[in-house]
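Beneath this line is the structure, given in structure tokens, with notes to follow.
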Amino acid sequence: MLELNVIKENPEIIIERLSVRNFDAATIVDQIIQIDKTRRDAKSRLDQVNAEMNQISKEIGILFQNGKKEEAAALKERTGTLKTMGKELGDKFSEAENELQQLLVQLPNLPHASIKPGKTAEDNEIVYQEGEIPVLHSDAVPHWDLCKKYDIVDFELGNKITGSGFPVYRGKGARLQRALINFFLDRAIAAGYLEYQPPLLVNEASGFGTGQLPDKDGQMYFVNEDKLYLIPTAEVPVTNFYRDMIVKEGDLPVKNVAYSSCFRREAGSYGKDVRGLNRLHQFDKVEIVQIQHPERSYETLEEMRNYVTILLQALELPFRVVKLCGGDISFTSALTYDMEVYSAAQQRWLEVSSISNFESFQSNRMKLRFKDEQGRSRLVHTLNGSALALPRIVAALLENNQTSEGIVIPKALRPYTGFDIID
RNA sequence: GGAGAGGUGGCCGAGUGGUUUAAGGCGCACGCCUGGAAAGUGUGAGUUCCGUGUGGAGCGGGACCGAGGGUUCGAAUCCCUCUCUCUCCGCCA
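Numbering (my numbering), first residue to last: 1 to 423.
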């Protein structure tokens with residue numbers, strides 16, 4: 001959520017910057033400024049009425065103590081009209097406030113100044129690429145066939161007990177998953193992140209705080225009985241730890257890491273993108289989250305990108321870094337790098353990490369602030385990134401490392417898997 | 001799921017209708033005291049909104065005692081709903 005003051009002070013700039021996303025904010029910004037006026041006017045008058053009421057009540061109290069009941073009764077009569085006025089103004093105020101809130105929530109985050117306009121993923125900018133594209137034998141097969149061949153991921157069994165998009169990992173497949181989780185967590189801890197195990201279900205306030213609600217309501221699984229949402233990413237609980245808090249400036253940056261299962265309805269997805277492990281309803285991910293001083297958040301974004309780069313290098317996967325264009329960047333993000341690995345049998349780049357700086361967009365929703373040196377409350381910046389999402393990493397490892405003997409496990413992972421080949 | 005108790009400032013804890021402008025304590029910040037510290041002592045300290053002023057220095061005012069409603073001239077205090085925590089019972093990994 002953008003800050004009201006910022007919108008009020010430079011409405012044209014907001015409209016111009018949001019046009020980079022192909023978002024026409026002119027009408028909403030206009031309405032916001034109007035409603036805010038109404039709201040402030042009502043609040044101002046309401047405060048005056050309340051002040052007068054408080055004054056009268058105090059006087060009545062004193063009169064009662066002195067036994068002057070008639071004078072008190074006379075004063076009471078005046079409160080009737082004040083009360084009606086107060087009620088009307090109060091209603092007007094909260095109505096305006098609600099409307100204002102509803103308008104504010106519709107505006108996406110301002111893209112960073114370096115973000116280029118663009119319509120789709122086609123317009124994203126490849127800013128870096130590393131690693132050799134493997135040349136596979138002519139009999140090389142995609143990972144879903146390898147899963148079957150080595151009996152490590154069973155999609156049909158998942159279909160049977162749950163539905164499509166919920167695979168069952170078996171034997172060395174299950175151990176590979178566990179190895180990756182531990183590998184990623186150990187690396188993150190070594191890089192100074194604090195490990196958490198968050199709840200996998202969150203309440204509505206948490207969904208709102210990180211921006212999944214009300215926007216992406218239909219993308220989360222919802223437990224109606226208890227009004228709880230299954231998390232689409234550990235970002236939601238881990239960032240919301242700090243909702244409604246004022247953190248100490250000296251505690252910044254906060255660096256947290258969490259492994260969690262993630263649940264996504266993926267409503268509207270179809271086609272070959274969803275084949276095998278490419279797109280699932282439930283998957284595992286290690287997520288890094290940072291809370292940082294506004295003046296240092298972009299350094300931190302680069303640091304996180306560099307951190308993920310090292311992970312991909314350790315796994316010996318060819319990868320590239322994509323800077324998302326205005327049309328492809330998420331509603332909440334100011335700048336996002338997607339990290340993509342090359343999956344050689346599919347001959348596709350697969351997104352395995354998305355690293356974003358949300359600036360104050362989430363912290364404004366969450367009322368997450370810090371005290372600066374002058375004792376002023378200021379919104380922090382929040383950032384997060386996958387480090388990493390497992391299924392597509394597994395897909396690329398299987399495809400790229402397939403040999404006639406079996407699937408070769410990268411060296412860095414062997415201490416975790418306890419085997420060096422899947423055969 | 002059943003029964004009971006309770007949510008008060010950073011923390012502990014008083015407060016059952018009117019100078020509560022939330023007692024007191026601990027902790028905190030800044031002074032005094034001290035060679036330095038402890039003890040002692042003094043002062044101060046929350047969040048947020050509106051107005052005025054103007055980059056939030058200041059001043060005036062509103063709201064905030066789990067959340068939301070209600071009663072009343074007036075609510076931390078009374079009533080209703082919700083929520084969370086604790087204890088006991090039941091169930092259970």
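We put the CB at the ideal spot given by N, CA and C, even for glycine.
From the DSSP output, which residues share a beta bridge with Y342? Residue numbering aside, residue 342 sits at position 342 when the first sequence is read from its first letter. W349.
Buried or exposed: where does K433 fall if 16 or more other Cβ atoms within 10 Å of its Cβ makes it buried? The structure shown does not extend to residue 433, since the chain is modelled only from 1 to 423, so the question has no answer here.
With 16 as the cutoff for other CB atoms within 10 Å, does P424 come out buried or exposed? This structure cannot settle anything about residue 424, because the visible part of the chain is limited to 1 through 423.
Burial state of P111, where buried means 16 or more other Cβ atoms lie within 10 Å: For this step, residue 111 is matched to residue 111 along the first sequence. Buried.
Under the three-state reduction of DSSP, which class applies to V274: helix, strand or coil? Position 274 of the first sequence, counted from the first residue, corresponds to residue 274. Of the three classes helix, strand and coil, the one that applies to V274 here is helix, per DSSP.
Closest residue to A205 among V341, T239, R45 and E97 (Cα-Cα distance): Along the first sequence, one-based indexing puts residue 205 at 205. When only C-alpha atoms are compared, the closest one is T239.
Please say whether L335 and I56 have beta carbons closer to each other than 8 Å? As a first step, residue 56 must be located in the first sequence, where it is residue number 56. As a first step, residue 335 must be located in the first sequence, where it is residue number 335. Their beta carbons are not under 8 Å apart, which means I56 does not touch L335 by this criterion.
Just to confirm, are I355 and M339 a CB contact at a threshold of 8 Å? To locate residue 355, count along the first sequence from 1; it is residue 355. To locate residue 339, count along the first sequence from 1; it is residue 339. Yes, Cβ-Cβ distance for I355 and M339 is below 8 Å.
Sort out for me which residues DSSP pairs E3 with in a bridge. To locate residue 3, count along the first sequence from 1; it is residue 3. DSSP, once it has assigned bridges, lists no residue as partnering E3.
Sort out for me which residues DSSP pairs Q292 with in a bridge. Here the question's residue 292 lines up with position 292 in the first sequence. BP columns for Q292 point to H381.
I'd like the ranges of any alpha helix (DSSP H) spanning at least 4 consecutive residues and lying wholly in the stretch 67-110. Counting only runs that start and end inside the stretch 67-110, the alpha helix (DSSP H) elements of at least 4 residues fall at 69-104.
Cβ neighbours of L280 in the same chain (closer than 6 Å, five flanking residues each side left out): Here residue 280 corresponds to residue number 280 of the first sequence, with the count starting at 1. Within the same chain, L280 has close Cβ partners G165 and P391.
Below 8 Å between beta carbons: does that hold for A42 and K92? Taking the first residue of the first sequence as position 1, residue 42 is located at position 42. Taking the first residue of the first sequence as position 1, residue 92 is located at position 92. Yes, the Cβ-Cβ distance between A42 and K92 is below 8 Å.
To the nearest angstrom, report how far apart V135 and P318 are at their CA atoms. Translated into positions along the first sequence, residue 135 becomes position 135. Translated into positions along the first sequence, residue 318 becomes position 318. The straight-line gap from Cα to Cα measures roughly 12 Å.
Are V394 and S353 close, meaning C-beta to C-beta below 8 Å? Residue 394 sits at position 394 when you count from the first residue of the first sequence. Residue 353 sits at position 353 when you count from the first residue of the first sequence. S353 sits away from V394, with the two beta carbons spaced by 8 Å or more.
Which residues does DSSP pair with N256 in a beta bridge? As a first step, residue 256 is located in the first sequence; it is residue number 256 there, counting from the start. In DSSP, N256 forms a bridge with L194 and V289.
First through last residue of the beta strand (DSSP E) which encompasses L230: As a first step, residue 230 is located in the first sequence; it is residue number 230 there, counting from the start. Where L230 is concerned, the enclosing beta strand (DSSP E) starts and stops at L228 to L230.
Could you tell me whether the stretch 26-33 touches the stretch 88-106, using the rule of 3 or more Cβ pairs below 8 Å? Two segments are said to touch when three or more pairs of C-beta atoms, one from each, lie closer than 8 Å; by this definition the stretch 26-33 touches the stretch 88-106.
Ordered along the chain, which non-local residues of its own chain (more than five positions away) have a Cβ less than 6 Å from that of A179? Residue mapping note: residue 179 aligns to position 179 of the first sequence, counting from 1. L413, Y416 and T417.
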